[in-house]
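Scroll down for the structure; my scribbles are underneath it.
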Amino acid sequence: MTAKIISGREVAENILTTNLKNKVIELNKKNINPKLIVILVGDMKASASYVAQKEKFAVKAGIESDILRFESTVTEEQILQEINKINNDNSIHGVIVQLPLPDHISVAKVLNSIDPSKDVDGFTPTNVGKLFLGEDTLVSCTPKGIMQMLDSTGTDLNGKNVTVVGRSNIVGKPAAILCLQQNATVTMCHSRTKDLDAKLSDADVIIVAVGIPKFIHGDQIPENCIVIDVGIHNIEGKLCGDVDFESASKKATAITPVPGGVGPMTVCALIENTIIAAERIG
Ligand code: GUN
3 MTAKIISGRE
13 VAENILTTNL
23 KNKVIELNKK
33 NINPKLIVIL
43 VGDMKASASY
53 VAQKEKFAVK
63 AGIESDILRF
73 ESTVTEEQIL
83 QEINKINNDN
93 SIHGVIVQLP
103 LPDHISVAKV
113 LNSIDPSKDV
123 DGFTPTNVGK
133 LFLGEDTLVS
143 CTPKGIMQML
153 DSTGTDLNGK
163 NVTVVGRSNI
173 VGKPAAILCL
183 QQNATVTMCH
193 SRTKDLDAKL
203 SDADVIIVAV
213 GIPKFIHGDQ
223 IPENCIVIDV
233 GIHNIEGKLC
243 GDVDFESASK
253 KATAITPVPG
263 GVGPMTVCAL
273 IENTIIAAER
283 IG
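For the sequence shown, the residue numbers in the working numbering are 3 to 284.
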């Protein structure tokens, strides 16, 4: 079998230029102009490229975005002061701090300082807690994008087996919670799981966010399975995911490509969260 390719690029483009653009037009009529601030520290190439995509997508949906750039020598206090200003600025609806940060800055301290109502990454303890409790919240962007991609395939997760490989706070854990909320039976695995093959063998959906290039191969994927690959790695100038696409695409029913899969959906979800944050104050 050759897998259907789930194009995150296409799904994101569709959401941005229809749903989201229309929502922005409605907000503009009420004199609300959704605005996102991205705090970028240092000059990491990968971060700069993610941030550039965020700006591009903001334009597609018709929202404002600004990047606040800081040298990698910036102090934690300076970043906290900047966030405090943003928290108190009514013209700004969403803020994210691009990760990773230099070692001398506490990620936890910085994230905790963001007003949860402007936390469009969904990383603050308040928003993570609300997600855990099933309350309305700003949902972390990659898991939200994954659910939208699954939805675009017409997959109903009710009673299905979802195996999540990877236990990060940003992807694995929230993705598992979102799947549980749709009545899936979720198995959480990670790089130290014993007999991973057995855990994958009855999966209807596999979500891989383990951060190891080509960690999952086609021979580990059961029949009729959808594979979502969250990883992105540059190996000798070539991009690949956490899944070996070549073998996996021969086995899965549907699979996300790298690049052009989860990445654009994450950025699209960020723009959507900024619009939701703006709608809440309207
Ligand atoms: N770095 C890699 N992914 C992300 C993300 O989703 N949000 C932020 N803020 N930084 C990241």
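C-beta: ideal position from N, C-alpha, C; glycine also.
Query: Taking the alpha-carbon of residue 42 as reference, which of 80, 202, 214 has the nearest alpha-carbon?; Result: 80
Query: Does residue 160 come out as helix, strand or coil in the three-state DSSP assignment?; Result: coil
Query: Given this structure, state the Cα-to-Cα distance separating residue 71 from residue 238, to the nearest angstrom.; Result: 29 Å
Query: Could you have a look at residue 296 and say whether DSSP puts it in helix, strand or coil?; Result: Because the chain spans 3 through 284 in this model, residue 296 falls outside it and cannot be assessed.
Query: Contact between the stretch 207 to 219 and the stretch 10 to 29: three or more CB pairs below 8 Å?; Result: no
Query: If you draw a straight line from the C-alpha of residue 206 to the C-alpha of residue 188, how long is it?; Result: 10 Å
Query: Evaluate the contact criterion for the stretch 144 to 154 versus the stretch 99 to 110: three or more CB pairs, one atom per stretch, below 8 Å.; Result: no
Query: Are at least three pairs of beta-carbons, each pair with one atom in the stretch 267 to 275 and one in the stretch 241 to 257, less than 8 Å apart?; Result: no
Query: Roughly how many angstroms lie between the CA atoms of residue 66 and residue 195, to the nearest whole one?; Result: 43 Å
Query: Tell me whether residue 191 sits in a helix, a strand or coil according to DSSP, three-state version.; Result: strand
Query: At the level of alpha carbons, what is the spacing between residue 91 and residue 278?; Result: 17 Å
Query: With burial defined as no fewer than 16 other Cβ atoms inside 10 Å of the residue's Cβ, what is the status of residue 253: buried or exposed?; Result: buried
Query: How would you call residue 106, buried or exposed, if buried means at least 16 neighbouring beta carbons within 10 angstroms?; Result: exposed
Query: Tell me where the beta strand (DSSP E) around residue 236 begins and ends.; Result: 235 to 237
Query: Quick one: what's got a C-beta closer than 6 Å to residue 186's C-beta in the same chain, skipping five residues either side?; Result: 159, 162, 164
Query: Would the stretch 254 to 261 and the stretch 127 to 138 be scored as touching if the rule is three or more Cβ pairs under 8 Å?; Result: no
Query: Residue 98: beta carbon under 6 Å from a heavy atom of ligand 1?; Result: yes
Query: Which ranges does the beta strand (DSSP E) cover as unbroken runs of at least 3 residues, wholly within the stretch 206 to 244, from first to last along the chain?; Result: 207 to 210, 228 to 231, 235 to 237, 240 to 242
Query: For residue 72, write down the residues that DSSP places opposite it in a beta bridge.; Result: 43
Query: Buried or exposed, going by whether 16 or more other CB atoms sit within 10 Å of the CB of residue 275?; Result: buried
Query: Mapping the DSSP letters down to three states, classify residue 153 as helix, strand or coil.; Result: helix
Query: If you run the structure through DSSP and keep just helix, strand and coil, what is residue 62?; Result: helix
Query: Anyone know if the C-beta pair for residue 54 and residue 273 falls short of 7 Å?; Result: no
Query: Measuring only the C-alpha atoms, how far is residue 18 from residue 62?; Result: 6 Å
Query: Given that a residue counts as buried once 16 or more other Cβ atoms are within 10 Å of its Cβ, and exposed if not, what is residue 87?; Result: exposed
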